[in-house]
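Each remark here refers to the structure printed beneath this line.
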Amino acid sequence: MTQSGSITIEDVAKAAGVSRQTVSRVINFQPNVRQSVREKVEAAIAELGYVPNQAARRMGGSRSYQILAIFEKDAVGRSDGRLPLDQMMLAGLRVCGPRGYHLLFEEVDASGQKSLGDPSEQIARALTSLKPDGVVLCPSLEEDPGIRSVLDQRGVASDYLGQRSEFGRLVPGLDDGFFAEAAAEHLLALGHRQMGFVSGHHDPVRSARRRDGYRRALIKVGSRAHGHFISDAPLAFDEAFDLTRAWLTPTIRPTAIIAETEETARAVLRAAQSLKISVPDDLSLLVLDDAPGLSHCEPALTVLHQDYAAHFSQACERLITANTKSASAMTDNKNTDAREDGFALIDRESVAAPPRNR
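Right, dumping it as structure tokens:
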């Protein structure tokens, strides 16, 4: 039995009865290969145990077969609205692996502290070293002009999960404003008019978009609550607890509150319970953060879920597809498909019509 390391592309071509170039097209996932021929080549590869050499693949063209995902320091985790990097990684690998691509991750610090160095310089070094075929920018790095300038200068295809401003226009993506607007509209449809919004997201750009969306929904129906029951700065647990108690103590108080994160949701719930205000009988609570622990609260909290993993895998798929088609398609690839509906309401036990409507 020949060892797999000594199997060559010529051996595969001979076993499949095709040319070396045809085997190369199959290995590199190129088009213009009949399905029957592709299956013969894949069967020969499996039978011989042939493992394509990555360096050889790269020498055969301009591609590196690598997708680079860039995320911001402290933007990932399982709470407070952070990105579920583990879920995104698995979803991306399931797209990249079968297409012969490797998925790499790079962490940058785009805050003023820049603990990891200047993010633009760091990304420039990564592009020089790795030469990825495409880059996925995770929220909210899409708004960093320095990072986008580096990508444009290098001619690297890029895709985005979130919205971004570009040439004086807003390019669609995961729309945080629409996300919060939909949450408010759900409560409005139940009859709520006095509502509150407790900010808690670590990302000020995304949090501001959500507050804007929330305000839009209330302004549409003429509610004045958009100017009263809202925190414009992210709050920690104690701050959210104190603010909620202050809102719920007067006679005129919100009948529903939207909490941006798991921490602020737990603070709102604790404040309501401390005042003997029942959720959802007296106060509805909807959360913009599908953290696992929220389903175990008493009552279980209704959430609006954003499927970051699905959108991340779709971004990887678009980059691979554009790269496979042509170099021009790759460099011109821009994420222009609107994905405003990239969320779902998970209705549990914390939302109901206001008391006066029952």
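Mind the numbering: the sequence shown is residues 319 to 676 in the working numbering, read in order.
Heads up, the beta-carbon is just placed ideally off N, CA and C, and yes, glycines get one too.
Secondary structure of His420 (DSSP, three-state): strand. Scanning the region 543-608 from its first residue to its last, the whole alpha helix (DSSP H) runs of 4-plus residues come out as 555-566, 580-592. Under the DSSP assignment, Leu386 falls outside any alpha helix (DSSP H), being part of the beta strand (DSSP E) whose first and last residues are 384-390. Comparing alpha carbon positions, the residue from Val426, Glu580, Leu508 closest to Ala558 is Glu580.
Shown here, Thr620 sits in a strand according to DSSP, grouped into three states. Judged by DSSP in its simplified three-state form, Val355 adopts helix. Under the three-state reduction of DSSP, Phe347 is assigned to coil, being neither helix nor strand.
In this structure, His510 places its C-beta atom within 8 Å of the C-beta atom of Ala574.
Apart from sequence neighbours up to five positions away, the residues of its chain that approach Gly335 with a beta-carbon distance below 8 Å are Lys358, ordered along the chain.
DSSP places Ala662 within a strand segment (E or B) once states are collapsed to three. The beta carbons of Phe515 and Ile576 sit closer together than 8 Å.
Note on Ser354: under 16 other CB atoms within 10 angstroms of its CB, so exposed under the neighbour-count rule.
In the three-state scheme derived from DSSP, where H, G and I count as helix and E and B as strand, Ser476 is classed as strand. Contact between Gly410 and Phe630 holds: CB atoms are separated by about 6 Å, below the 8 Å threshold. Under the 10 Å beta carbon count, Asp607 is surrounded by 16 or more other beta carbons and is classified as buried.
In the structure shown, Leu401 adopts extended strand secondary structure according to DSSP, grouped into three states.
In this structure, Leu603 sits near Ser668, with a CB-CB distance shorter than 8 Å. Taking all protein chains shown into account, Ile345 has 16 or more neighbouring C-beta atoms within 10 Å of its C-beta and is therefore buried.
The beta carbon of Pro598 sits closer than 6 Å to those of Ser668, Val669, Ala670, all from its chain and outside the five residues before and after it, given in chain order.
If you draw a straight line from the Cα of Gln440 to the Cα of Glu425, it is about 9 Å long. Annotation: Arg636 to Asn350 spans about 19 Å, alpha carbon to alpha carbon.
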